[in-house]
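What the sequence shown shows, in numbering that gives the first Met the number 0, is residues 0 to 429, in sequence order. Idealized CB from N, CA, C, for every residue including glycine.
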Amino acid sequence: MQALTVERYRAIDRHRVQETPQWRLLTPELREAVTVVSRVLPFRTNRYVMDALIDWDRVPDDPMFQLTFPQRGMLSPDDYQAIAELVRGGASDEVITAAANRIRMRLNPQPAGQKTRNVPTLDGAKIPGVQHKYRETVLFFPKRGQTCHAYCSYCFRWAQFVRIKDIRFAADSSDQLVRYLRRHPEVSDVLVTGGDPMTMRAAALRHYLEPMLALDHVQTVRIGTKAPATWPHRFISAPDADDVLRLFEEIVVRGKHLALMAHYTHPVELSTDVAREAIRRIRSTGAVIRMQSPIARHVNDRADVWTDLWRHGVRLGCVPYYLFVVRDTGARGYFELPLIRTWEIFQEAYRQVSGLARTVRGPSMSALPGKVHILGTSRLGDEDVFVLEYLQARDPKLVRRPFFARFDPKATWFDELQPATQQDVEFFPD
Ligand SMILES: *Cc1c(COP(=O)(O)O)cnc(C)c1O
Ligand code: SF4
């Protein structure tokens, strides 16, 4: 029950981490890596992650340490050296930030056409903080929810957390979203995302959500969150925890499906009393918890990690939903695995769980044309191929039709794959 005593959220950043008792457990090399890499890639953790989730005897290999602490290998050797020299030489914040921004812009901050292809318009003007890629589902980024209780080192939304002008998504209110939704009756789902909307106060969350509840065609409200994993106290002992639960209940009573798209990376996140209590309380409102995560080297690239996570999740009443291929942005070189390896890990885990956990779909790549599901490999004539399908696509007619790409044992992302036959070309629209 020890973890239940941590009640107030306090972000631990690159300055405060040096005041924690665990800082002294790190070797000088690991400390330097944290100091240097955190100047380029966002770093934030909290006491719960540090005290209850990281096993300091296993650092640096501990998966939660890898998930939340910057590691040397996350930057290229040249970039690491450049920033390390500036830091050692006592360069000003301004100089370091300028150097960091040049590196950041090379790290594909907005993958899969988020800025160029997903932003919808209302009367000819782009709507800030909204993305609409798949017909049924609109993504909404409330301004006050553009942070997280801890940052994942593999985050594909990392650009939300660094202060470079014009690369963030953020909306002040849901007014424009609601006007857009009124004209788009085909939208059944609104996915509120970030960052993590559960970093907002209950009142702020209500301010954003309430206006859309009146729209009858909006059947589902989804909230993308990692709070149940990295700050479960949000739902238990935070000053407005009960207000949040009441809001959830109201959404359900108003006839909507409320889904928490809970980002769970590793089974240790389900192992504490607070984590389980948070799930129990959320579920008591009628909300459904669906679990999703990428699979990343150094963090969760073993089949038994996934069998554990899904089994535990199902036991607690959660529904396994997506398993993603780690995306082509940020520190991808550190986390990526060959697609075939990701598929092997998935398949080995999947075949060991009962049907109730086989609601999980994956591995899935969120690529420019859509979510590409790797079904496996096969042979076509005398050629080895990947068998793929779209779970979601900008062009709905591509969905759920098997297609083939030439097998490539090294490929780590969709843009490295080639159509296997002439018939497959239409599935590679970009
Ligand atoms: C994954 C995703 C969705 C939701 O897709 P579902 O298959 O309905 O869960 C919506 N928009 C974008 C941009 C996505 O990547
Ligand atoms: S919880 Fe999600 S948005 Fe937040 S840092 Fe992790 S991956 Fe990124």
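Sequence-distant residues of its chain with Cβ nearer than 6 Å to residue i (five each side left out)
i, result
"Phe323", "Pro293, Ser363"
"Gln1", "Only weak support exists for where Gln1 lies, its pLDDT of 44 falling under 50; the value from the coordinates is given anyway. Hits under 6 Å: none found."
"Leu355", "Val313"
"Ala348", "Ala302, Trp305, Thr306"
"Ile53", "Asp61, Met63, Phe64"
"Ala83", "Val35"
CB contact flag (residue i, residue j, <9 Å)
i, j, result
"Gly72", "Tyr333", "yes"
"Pro319", "Val359", "yes"
"Leu336", "Thr264", "no"
"Arg43", "Asp12", "yes"
"Leu315", "Leu269", "yes"
"Pro196", "Ile281", "no"
"Ala286", "Ile235", "no"
"Pro59", "Ser152", "no"
"Pro210", "Val273", "no"
"Leu367", "Arg103", "no"
"Gln175", "Pro127", "yes"
"Lys255", "His148", "no"
"Lys132", "Gln391", "yes"
"Leu106", "Ala295", "no"
"Pro266", "His311", "yes"
"Phe402", "Gln422", "yes"
Residue i: first and last residue of the uninterrupted alpha helix (DSSP H) it sits in
i, result
"Thr67", "62 to 67"
"Gln80", "76 to 87"
"Arg30", "27 to 36"
"Lys114", "113 to 116"
"Phe427", "Phe427 -> no alpha helix (DSSP H), and no H or E assigned at all."
"Val94", "92 to 105"
"Met49", "No alpha helix (DSSP H) contains Met49, which DSSP labels as neither H nor E."
"Val39", "Segment: none, Val39 is in no alpha helix (DSSP H) and carries neither H nor E."
"Phe247", "240 to 252"
"Pro210", "201 to 212"
"Asp122", "Taken as a continuous stretch (DSSP letters only), Asp122 belongs to no alpha helix (DSSP H), as it is neither H nor E."
"Gln175", "174 to 181"
8 Å CB neighbourhood of residue i in its chain, flanking five on each side removed
i, result
"Leu246", "Ala201, Leu204, Arg205, Leu208"
"Glu430", "As shown, the chain starts at 0 and ends at 429. That puts residue 430 outside it, with no answer to give."
"Met49", "Ile11, Thr19, Gln21"
"Trp342", "Pro362, Ile373, Gly375, Thr376"
"Ser283", "Leu244"
"Gln218", "Ser187, Asp188, Lys255, His256"
Extent of the continuous beta strand (DSSP E) run through residue i
i, result
"Met260", "256 to 262"
"Ile222", "219 to 224"
"Asp414", "Neither: Asp414 is in no beta strand (DSSP E) and is coded neither H nor E."
"Asp188", "188 to 191"
"Phe403", "402 to 405"
Among the options, the one whose alpha carbon lies nearest that of residue i
i, options, result
"Ala10", "Glu185, Thr328, Tyr150", "Tyr150"
"Cys154", "Leu244, His256, Val325", "Val325"
"Asp307", "Ser75, Ile288, Gln391, Ser353", "Ser353"
"Phe160", "Arg143, Ala261, Lys255, Leu176", "Arg143"
"Pro238", "Glu248, Val217, Thr198", "Thr198"
"Leu25", "Lys114, Asp56, Arg46, Trp342", "Asp56"
"Leu379", "Arg400, Pro418, Asn107", "Pro418"
"Val137", "Glu415, Ile222, Glu93", "Ile222"
"Ser75", "His311, Ala90, Val36, His148", "Val36"
"Asp78", "Ala97, Leu66, Ser91", "Ala97"
"Cys215", "Gln346, Arg30, Leu180", "One detail in the question is off: residue 215 reads as Asp in this sequence, not Cys. Closest by alpha carbon: Leu180."
"Lys114", "Asp429, Arg105, Val16, Gln130", "Gln130"
"Arg399", "Gly369, Gln421, Arg405, Gln218", "Gly369"
"Tyr47", "Tyr8, Gln422, Glu425, Ile373", "Tyr8"
"Arg253", "Arg331, Leu212, Arg178", "Leu212"
"Arg87", "Val298, Arg30, Pro428", "Arg30"
"Ile339", "Phe413, Arg275, Glu28", "Phe413"
"Gln346", "Glu425, Glu276, Asp300, Lys396", "Asp300"
"Leu257", "Asp241, Arg289, Glu276", "Arg289"
"Ser365", "Gln145, Ala240, Gln109, Thr146", "Gln109"
"His14", "Val118, Val371, Thr34, Glu28", "Thr34"
"Leu66", "Cys317, Asp241, Thr229", "Thr229"
"Val386", "Pro395, Arg393, Ala404, Asp394", "Ala404"
"Asp122", "Arg178, Ala83, Gln291", "Arg178"
Cutoff 7 Å; reference residue i; Cβ partners in own chain excluding five residues on either side
i, result
"Pro41", "Tyr150, Trp157, Phe160, Val161"
"Ala32", "Pro69, Gln70, Arg71"
"Glu415", "Asp407"
"Ala170", "Pro127, Gly128, Val129, Phe139, Phe140, Pro141, Lys142, Leu176"
"Ala111", "Ser365, Ala366, Leu367"
"Leu85", "Val94, Ile95, Ala98"
Item to complete: With a floor of 4 residues, list each alpha helix (DSSP H) that falls wholly inside the segment 331 to 388, ordered by position along the chain.
Response: The segment 331 to 388 contains these whole alpha helix (DSSP H) runs: 331 to 334, 338 to 349.
Worksheet item: In the segment 130 to 159, which residue ranges form an unbroken beta strand (DSSP E) of at least 3 residues, counting only runs that do not cross its ends?
Response: Here the runs fully enclosed are 136 to 139.
Worksheet entry | Every unbroken alpha helix (DSSP H) inside the segment 283 to 335 [4 residues or more] | The segment 283 to 335 contains these whole alpha helix (DSSP H) runs: 302 to 314, 331 to 334.
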